[in-house]
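S.K.: 78 is the number that my numbering gives to position 78 of the sequence shown; each next residue is one higher, with no gaps.
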Amino acid sequence: MALLTPDEVLNKKFQVTKFREGYDMVEVDDFLDLVLGTLRAVYVENDELKAKLEAAEARVAELSRSAAEGESAPQVEAAQAPAPVEVVEEPVVAPVPVASVEVPAREPEMATGIIQMAQKLHDDHVRAGQEEGDRLISDARAEGSRIVREAEETSSRTLGQLEIEKSTLEAKIDELRTFERDYRIRLKSYLQNLLGDLDQRAAVGGPEDAQI
Numbered sequence: 001m002a003l004l005t006p007d008e009v010l011n012k013k014f015q016v017t018k019f020r021e022g023y024d025m026v027e028v029d030d031f032l033d034l035v036l037g038t039l040r041a042v043y044v045e046n047d048e049l050k051a052k053l054e055a056a057e058a059r060v061a062e063l064s065r066s067a068a069e070g071e072s073a074p075q076v077e078a079a080q081a082p083a084p085v086e087v088v089e090e091p092v093v094a095p096v097p098v099a100s101v102e103v104p105a106r107e108p109e110m111a112t113g114i115i116q117m118a119q120k121l122h123d124d125h126v127r128a129g130q131e132e133g134d135r136l137i138s139d140a141r142a143e144g145s146r147i148v149r150e151a152e153e154t155s156s157r158t159l160g161q162l163e164i165e166k167s168t169l170e171a172k173i174d175e176l177r178t179f180e181r182d183y184r185i186r187l188k189s190y191l192q193n194l195l196g197d198l199d200q201r202a203a204v205g206g207p208e209d210a211q212i
């Protein structure tokens with residue numbers, strides 16, 4: 001779908017309806033002004049972005065050419081370097097036999113030193129690994145002991161609390177049983193006394209009732 005240009009939005013004409021009321025032309029014009037301003041801002045921003053992109057691409061191309069020229073320059077200089085360099089090095093070649101005599105004598109020492117250094121590094125790494133392993137094992141054991149100790153302490157506290165609650169409940173049960181026993185005894189005594197009073201009253205009032 002093609003995008004509208006500011007001129008297309010500005011020159012857009014709306015047909016006036018004949019059979020029903022249309023939109024308010026003032027509101028339509030105001031809205032079109034807003035759309036026009038937005039489109040113009042978008043076009044300006046788009047042009048700026050295109051200019052920045054072209055400048056960036058030109059800069060990249062320039063840097064690429066500079067890098068290519070920098071890499072080719074040493075090769076050209078090496079190709080054009082004068083050949084008499086070998087003549088300058090000839091006097092230095094004379095002491096070579098002396099150096100060749102010393103090198104074989106020092107090579108075993110250097111090899112031995114390298115081997116010793118490698119062995120030392122290996123031993124250091126092994127020792128460090130063992131120490132780290134021992135430390136981890138010790139920390140794990142200490143952590144395990146701490147967890148077990150805390151669990152035992154928690155269990156002991158819980159059991160102690162349960163024992164206290166059990167003793168308290170047993171004491172309350174004993175109190176209730178004692179109260180029930182005493183209450184039964186008092187109730188039985190009260191009922192027996194009441195029955196005794198009733199029997200006495202019946203015995204005393206019996207002949208009079210019979211005469212009546």
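From the three backbone atoms N, C-alpha and C, an ideal C-beta is built for every residue, glycine too.
#1: Output the distance between the C-alpha atoms of TYR43 and ASN11, rounded to the nearest integer angstrom.
#2: What's the C-alpha gap between ARG177 and LEU187?
#3: Unbroken beta strand (DSSP E) runs of length 3 or more, entirely within the stretch 134-203: which are they?
#4: For ALA151 and ASP123, what's the separation of their Cα atoms in angstroms?
#5: Could you check what DSSP says for ASN46 in three-state terms: helix, strand or coil?
#6: In three-state DSSP terms, what is LYS12?
M.R.: Here's the rundown:
#1: The straight-line gap from Cα to Cα measures roughly 17 angstroms.
#2: 15 angstroms
#3: none
#4: 41 angstroms
#5: helix
#6: coil
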